[in-house]
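Novice:
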Amino acid sequence: MKNIIKYGLLSLVAAASVSCESFLNEKVVSGVSYDYLETKTGIETAVNGVYSTMRWYVGGERYYCLTEYGVDYVWEGADGGNKDAFNKYSNQLNSSFGMLYEFWENAYKGITRANTALMYLPKVGDMTDAEKTAREGELRFMRAYFYFDLVQQFGRIPLLTEGNVSEIKTDFKRASVADVYAFIISDLRQAYEVLPDVAMQADRGRATKWSAANLLSKVYLTRGSAVKDQRGQQPTDMDSTAYFAEAVINSGKFVLDSDYSMTFDQDRQKVSSETIWGVEFTNDVLFNGSEGNKMHLYWVPTYEKLPGLQRDLQQGRAWKRMRPTPYLQTELFDHLNDSRMYKMFSWVFYANKESSIPVWKDKYYYVNENGEETGDLLYETPAELVGKPKFALGDTAAYFIPKYYGAKDYKGAVIDKAKDRQMQLDIAKAPYTLIPIDENTNHFFPCLKKWLDTQRPDMNYEPGGRNFVRMRLGETYLIAAEAYGRKGDFEKAASLINVVRKRAAYKEGEAKPQEWWQIDGGDMANLAGSTEKSMLVTPAEISDDFIGFMLDERARETYGEMNRWEDLVRTETLYERVKEFNPDAAPNIKEYHKLRPIPQNHIDRLSPKPSAEEAQNEGYY
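End of the sequence shown sits at 615 in our numbering; the numbers just go up one at a time, nothing left out.
If you want it as structure tokens, here you go:
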């Protein structure tokens, strides 16, 4: 059996044991005696129960709503339901929105379990001091992780620092953001000092010295990024960010995968040398629980509606919740030198349904902006092709072409009739369904491959077994780079950024995609050449709008890894960038949307009742 932390069935025991979840339920849950927590088996079960709360994030349509909706480079796909409130900042995004309370409840469940385990840990008689110290480090790490998630989303929150199994508590005052950050940092620094080195860690999925260091670097960066906001930022925050990020980089325990696509290759992502910490899943239902990792569902277009295609395991099950923006596909990346855009998306879908393969028509006509054929001949098919199938099984059936014709605005109105005609001509002549950027919709768009799960039992099976990677070295380099840039050391920042960009370049002899020469204008003489030199940036190139550059580089490197909303809030750019890049959200977003509403379920059980201003965030009362 693999050496991975087993917190599937054990978490059920922990839920019964850690009955001080009265913070969430206002009642004591009966179950295993607390004496159980004074044993090694009991404390191990309790620790595993804390880890188990991490499964909530990817077990359904949850965390992506908080981190990928309502941002700049992700647009909402079809069938989002009421969750599109997060993307559009509509009136439905209020304190009664159920998923917000689920997030709040799950995080405090983890915190309460950690607090209770820490309370009983000193009483355990059959553990060595070294074992106790290691488990204490894990519990502090996890508690800090949950508080960091909460404070970024909600701002001022209740700060529970001790276990409580003797009374029901309903008086929870919100601590200042500065106090929450100070507590997070204290927990993580203690964890960093006592957690084992990754090489000594037998169980995959447990926190280590380096996961604590990595989280510390991100916490310091987030606190220290504030200019207008008050997070308790200190002049030394960027020094601390750089120190802990470089501690991870220089530890010798992690190495960037040699190719960007390897970081999300399912066959090896569980053992990637780049992963610093993640939540373990397997293909064992008993291990995963009933939900598993469902993130594979949400980035897939409705390809099965296209001619020659039906749903299959390799190409994914289409829940079409999120799609890349035209700007991301056409302008954000250096298409000639940066391989990441072509590697992170599926641009082609292959025919697997013979009965729906189309045949060539004899003539194709121009369609106006109202979708009506004008009778204006666009393309006359060669006689030898008329009536024959456009493609065969296994051939390209649909191709999402990353070419921007500039023919339509965001609302679909034609703004350049010549380019629109050329686009329609290309579509008519293509032997497959050709979908240019201009024709992307909420149903049809390139598919993000980072979450695809081809190892499920069948194409309709929802609970996936892919790991939920939360920390990887590619981001750590960018964290360190941003710290140095904010300190004014752009030379050091560029050197760190260039490590990531060099990996993103095409290597000598590497096969480039056909778009490289057909669309992007690549010189066939350099088809097998390296683009590493062209990918390197200079200090002067990044210094003018450094934060804007870093946000773009983070999008290029970590797109779809569920951190974008928090990146924009951290850098105090959410309002401006959403206004510029997200037409769905632009009409409604307000400055106060940098925080979520405190869940009404929590407010309703507070006693004595606080004022609205004390209980709730600005803009939501």
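Just so it is clear, CB atoms sit at the ideal spot from N, CA and C, and this is done for glycine as well. Treat the numbers as computed from the prediction; the structure is a model and nothing was measured.
Would you give the residue range spanned by the alpha helix (DSSP H) that Met518 belongs to?
Specialist: Careful: Met518 lies outside any alpha helix (DSSP H) and carries neither H nor E.
Novice: For the alpha helix (DSSP H) holding Arg460, just list the boundary residues, first then last.
Specialist: It is not in any alpha helix (DSSP H) - Arg460 carries neither H nor E in the DSSP assignment.
Novice: Which residues does DSSP pair with Pro229 in a beta bridge?
Specialist: Paired residues: none, contrary to the question.
Novice: What residue range is occupied by the uninterrupted alpha helix (DSSP H) comprising Asp143?
Specialist: First-last of the alpha helix (DSSP H) with Asp143: Asp123 to Phe148.
Novice: What are the boundary residues of the beta strand (DSSP E) that Tyr373 is part of?
Specialist: Counting along the chain, the beta strand (DSSP E) containing Tyr373 begins and ends at Glu367 to Glu374.
Novice: Just mark Tyr644 as buried or exposed, buried being the case when its beta carbon has 16 or more other beta carbons within 10 Å.
Specialist: Given a span of -5 to 615 for the chain in the structure shown, any question on residue 644 remains unanswerable.
Novice: Can you list, in chain order, the stretches of the beta strand (DSSP E) that have 3 or more residues and sit fully within the segment 258 to 346?
Specialist: Those beta strand (DSSP E) runs which fall completely within the segment 258 to 346 and span 3+ residues are 269 to 273, 316 to 318 and 342 to 344.
Novice: Cβ atoms of Phe343 and Met335: under 8 Å apart, would you say?
Specialist: No, the pair does not count as a contact, with Cβ atoms beyond the cut-off.
Novice: So what's Pro604 in DSSP terms, helix, strand or just coil?
Specialist: DSSP places Pro604 in coil when its eight states are reduced to three.
Novice: Can you name the residues that DSSP bridges to Pro152?
Specialist: According to DSSP, Pro152 bridges with Arg168.
Novice: Roughly how many angstroms lie between the CA atoms of Asp66 and Pro376, to the nearest whole one?
Specialist: Their backbone Cα atoms lie some 44 Å apart in a straight line.
Novice: Taking the DSSP output, what are the residues bridged to Leu428?
Specialist: Tyr393.
Novice: Just to confirm before moving on: does the CB-CB distance between Tyr373 and Lys423 stay below 8 Å?
Specialist: Contact: yes.
Novice: Mapping DSSP to helix, strand and coil, what is Glu585?
Specialist: Note: Glu585 maps to helix in three-state DSSP.
Novice: From which residue to which residue does the beta strand (DSSP E) around Trp69 run?
Specialist: Here the beta strand (DSSP E) through Trp69 covers Val68 to Glu70.
Novice: Let's see if you can read the secondary structure: which residues bound the beta strand (DSSP E) around Lys357?
Specialist: Start and end: Lys357 to Val361.
Novice: Alpha carbon to alpha carbon, how far is Asn277 from Phe540? Give it in angstroms, no decimals.
Specialist: So the alpha carbons of these two residues sit roughly 43 Å apart.
Novice: I'd like to know if the segment 379 to 399 and the segment 347 to 355 are in contact, where contact means that at least 3 CB-CB pairs between them fall below 8 Å.
Specialist: Enough Cβ pairs lie closer than 8 Å, so yes.
Novice: Run the CB neighbour count on Ala498, radius 10 Å, all protein chains shown included, and call it buried at 16 or more, exposed below.
Specialist: The residue in question, Ala498, is buried, as its Cβ has 16 or more Cβ neighbours within 10 Å.
Novice: Would the beta-carbon of Gly71 fall within 8 Å of that of Arg464?
Specialist: No, they are not a contact pair.
Novice: On the three-state DSSP scale, how would you describe Lys527?
Specialist: Lys527 falls in the helix class under three-state DSSP.
Novice: Considering only the beta carbon of each residue, do Phe339 and Leu428 sit closer than 8 Å?
Specialist: Against a cut-off of 8 Å, the Cβ pair of Leu428 and Phe339 comes out as no contact.
Novice: Per DSSP, which one or two residues make a beta bridge with Ala499?
Specialist: Its beta-bridge partners are Asp332.
Novice: Report the three-state DSSP secondary structure of Lys506 (helix, strand or coil).
Specialist: In the structure shown, Lys506 sits in coil (DSSP, three-state: anything other than H, G, I, E or B).
Novice: I'd like to know whether the C-beta atoms of Phe248 and Ser234 end up nearer to each other than 8 Å.
Specialist: No. Outside cutoff.
Novice: Between the beta-carbon of His290 and the beta-carbon of Trp511, is there less than 8 Å?
Specialist: No, the pair does not count as a contact, with Cβ atoms beyond the cut-off.
Novice: The alpha helix (DSSP H) that contains Asn454, what's its start and end?
Specialist: Where Asn454 is concerned, there is no enclosing alpha helix (DSSP H), given that its DSSP letter is neither H nor E.
Novice: At a cut of 8 Å, does the segment 104 to 114 reach the segment 72 to 80 through at least three beta carbon pairs?
Specialist: Cβ pair count under 8 Å is below three, so no.
Novice: Going along the chain, which residues of its own chain have a beta-carbon closer than 8 Å to the beta-carbon of Leu419, five neighbours each way excluded?
Specialist: Same-chain partners within the cutoff: Leu372 and Tyr373.
Novice: Tell whether a beta-carbon distance below 8 Å holds between Ile178 and Tyr141.
Specialist: Yes, these two residues count as a Cβ contact at 8 Å.
Novice: Taking the continuous alpha helix (DSSP H) assigned at Asn611, which residues delimit it?
Specialist: Run containing Asn611: none; DSSP gives neither H nor E here.
Novice: How big is the Cα-Cα spacing for Ser170 and Asn611?
Specialist: Using only the alpha carbons, I get a separation of about 12 Å.
Novice: Starting from His437, trace the alpha helix (DSSP H) both ways and give me its first and last residue.
Specialist: Run containing His437: none; DSSP gives neither H nor E here.
Novice: Taking Ser205 as the reference, which of Trp271, Ile491 and Asp253 has the closest Cα?
Specialist: It is Trp271.
Novice: Quick one: Cα of Lys527 to Cα of Glu502, how far?
Specialist: One C-alpha to the other measures close to 11 Å.
Novice: Out of Met518, Gln449, Tyr57 and Leu467, point me to the one whose CA is closest to Gly459's CA.
Specialist: Taking only the C-alpha atoms, the option nearest Gly459 is Gln449.
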